[in-house]
Every structure is written in structure tokens, then in C-alpha cells.
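Report on the structure given below.
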Amino acid sequence: MAERVYPADSPPVSGQFSDNFSSGEFPRKPATYVIQVPKDQIYHVPPPENAHRFQHLSQKKVHRSRCRCCFCSVLAAIFILSVLTGISLAVIYLVFRPQAPKYSVEGFSVSGINLLSPSPNSPKFNVTVMSRNGNGKTGIYYEKGSRVDVFYEDVDLCNGALPVFYQPAKNVTVVKTVLTGSKIQLTSGMRKEMRNDLSEKNFPFKLKIRAPVKIKIGSVKTWTITVNVNCDVAVDKLTAPSRIVSSKCSHDVDLW
786 MAERVYPADS PPVSGQFSDN FSSGEFPRKP ATYVIQVPKD QIYHVPPPEN AHRFQHLSQK
846 KVHRSRCRCC FCSVLAAIFI LSVLTGISLA VIYLVFRPQA PKYSVEGFSV SGINLLSPSP
906 NSPKFNVTVM SRNGNGKTGI YYEKGSRVDV FYEDVDLCNG ALPVFYQPAK NVTVVKTVLT
966 GSKIQLTSGM RKEMRNDLSE KNFPFKLKIR APVKIKIGSV KTWTITVNVN CDVAVDKLTA
1026 PSRIVSSKCS HDVDLW
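Okay, structure coming up:
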């Protein structure tokens, strides 16, 4: 009968492992420690690879702060200037009580319009406007750049400009201007309307004046102000001399 051969026991890996195993204990994990540091003693220092970026961002913040300061200073200066300007205007108004001048059309003659031919027209208008300045201490400078237009049913027939002049206080000034148009095409409907107006001796036109002016109050001259005058004028015929049948004017002012 053959003998049984039993495998040999494996040697332990280490004496410590054998001892721990034999004692029923396992190896301990490395210890973990928590260190508490006061918040005011923590310093944020960027790593070397981010130092350049940190410096760039810091300079950018300083630049933005300076821009904000400049912007706020400009806004404050504009606000103060606006307040001072408003106070000055209020004082001037209370002291001088300026009034807008009154305008009227005193002459309005027409020529160069042919109602029988469909060919283009070259109309010509001689317009006389009266300006009444009733202010006791306020003069008016009429500057360059004015424009005068005559319309018939929203069609601009001719245009021109006012002369440059100064109107003193308590003054009535009569201004004459010649307005011309070139190659104005009238539709058949407009010619028919004008023929009807001819039979009624009532041709309605619109006169529009846009004039830049400066107001002189005492020894002070203001900035440029725009005066807009709108007049409804009707004449009895389209040849000179013509008679004004009706006239009515209104005006407004653009301060800026």
C-alpha cells in the first residue's frame, strides 16, 4: 500500500504579517491629521505659473477703476453745468420776460405757372414777410442757413432764403425774398384743381420758413435757436400782381 504525500506548508511572507494574522489584527491605515488655521492668517499666493496672469488681472482692475472715476467725474460736471444753465435761463426769463416775435405775410405774387400745358413749370414767387419784435430789451439776429418753401398740396413748388439781418428791440421789420422753382411737374389732377381755384379766385398755398436766429438779451447773445414759421396763404390769381385773399401764420421754436 502506497504512502500518502501531504503538501508542505507555505512559509509566511513576513514575521509581522504572521504575528498580526495569528493575533487576529489587520494592518492599520495611515493616520490623517486636520490642522485648523485662523482665517486671517491665510495668504493667497498664486503659483509661479499663474503669477503673470494674476498681475495682468490686477492691473486691469486698477485701469477699470480709474475709467469709472473719470466717467463719474464727467457725468458730475455735465450735471452741474446743466443745473447752472437752467438757473441762468430762469433768471433771464424772469428779468427780461422775452416774447416770440409775430409774423405775417404782406405780399405774395406768383408767376411762371401754366395750367394748360403738361410740360414742367418754373414758378417764381415774390414773398414779403413782416416780423414784429415786441420785446423791450431783446434783439434778434437772423443768421445764414435759412430756408423758405412754398407748397401746393404737399408739392414743393419753389424755395429760397431770408436775408441776414438784425432786428432790434421794439421793432417791425419787413423782409422781401424771391423764391424760384425749376422743372416742377404738375399732375393732371393738380392742374384741374388749380383751374377750379382760378374760377373761385382762391389759390391756397403753404409758406414754410425755417430760420436760425440768435437772441440778444442785454449784452448777452444766446446760442443758435431755430424759428419755424408756417403760413396758410391764399391769393386770387397766379399772375402778378396778385391780391392776398387770406393769410394765417403760426410759429414754434427749437431751442436746441
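Residues in the sequence shown are numbered consecutively from 786, following my numbering.
Note that CB positions come from ideal geometry on N, CA and C, so glycine has one too.
- A contact between stretches requires three or more CB pairs, one per stretch, nearer than 8 Å, and the stretch 943 to 962 fails this requirement with the stretch 1011 to 1019.
- With contacts defined by Cβ atoms closer than 8 Å, D934 and K1001 do not form a contacting pair.
- Per DSSP, reduced to three states, the secondary structure at L866 is helical.
- Contact annotation: the stretch 969 to 976 does not touch the stretch 910 to 918, with fewer than three C-beta pairs closer than 8 Å.
- Its Cα nearest to that of W1041, the residue I1010 stands out among V1030, I1010, L866 and V1020.
- Nearest to V1005 by alpha-carbon distance, out of T923, I865, F856 and R853, is T923.
- Given a length threshold of 3 residues, each whole run of the beta strand (DSSP E) inside the stretch 943 to 969 is given here in chain order: 950 to 952 and 956 to 965.
- When DSSP states are grouped into helix, strand and coil, S1032 belongs to the strand group.
- F988 is not a Cβ neighbour of M975, given a cutoff of 8 Å.
- Within the same chain, Cβ atoms closer than 8 Å to the Cβ of A1025 are found at S894, V895, S896 and N911, the five residues on either side in sequence being excluded.
- In the displayed model, A996 falls within a strand according to three-state DSSP.
- Secondary structure at E891: strand, using DSSP grouped into helix, strand and coil.
- Just measuring C-alpha positions, the residue of E938, T1007, K977 and P905 sitting nearest A1019 is E938.
- By alpha-carbon distance to S889, the top candidate from P903, F936 and N918 is N918.
- By the beta-carbon neighbour count (other beta carbons within 10 angstroms, threshold 16), L860 is exposed.
- Per DSSP, the unbroken alpha helix (DSSP H) holding N981 starts and ends at S973 to E985.
- Sequence-distant partners of N899 (beyond 5 residues in either direction) whose C-beta falls short of 8 Å from its own C-beta, in its chain, are N906.
- Judged by DSSP in its simplified three-state form, I1010 adopts strand.
- If you ignore the 5 residues before and after P997, its C-beta comes within less than 6 Å of the C-beta of E928, G930, T1009 and T1011, all in its own chain and listed in chain order.
- In its chain, beyond the 5 residues on either side, K991 have a beta carbon closer than 6 Å to the beta carbon of F936.
- When DSSP states are grouped into helix, strand and coil, I898 belongs to the coil group.
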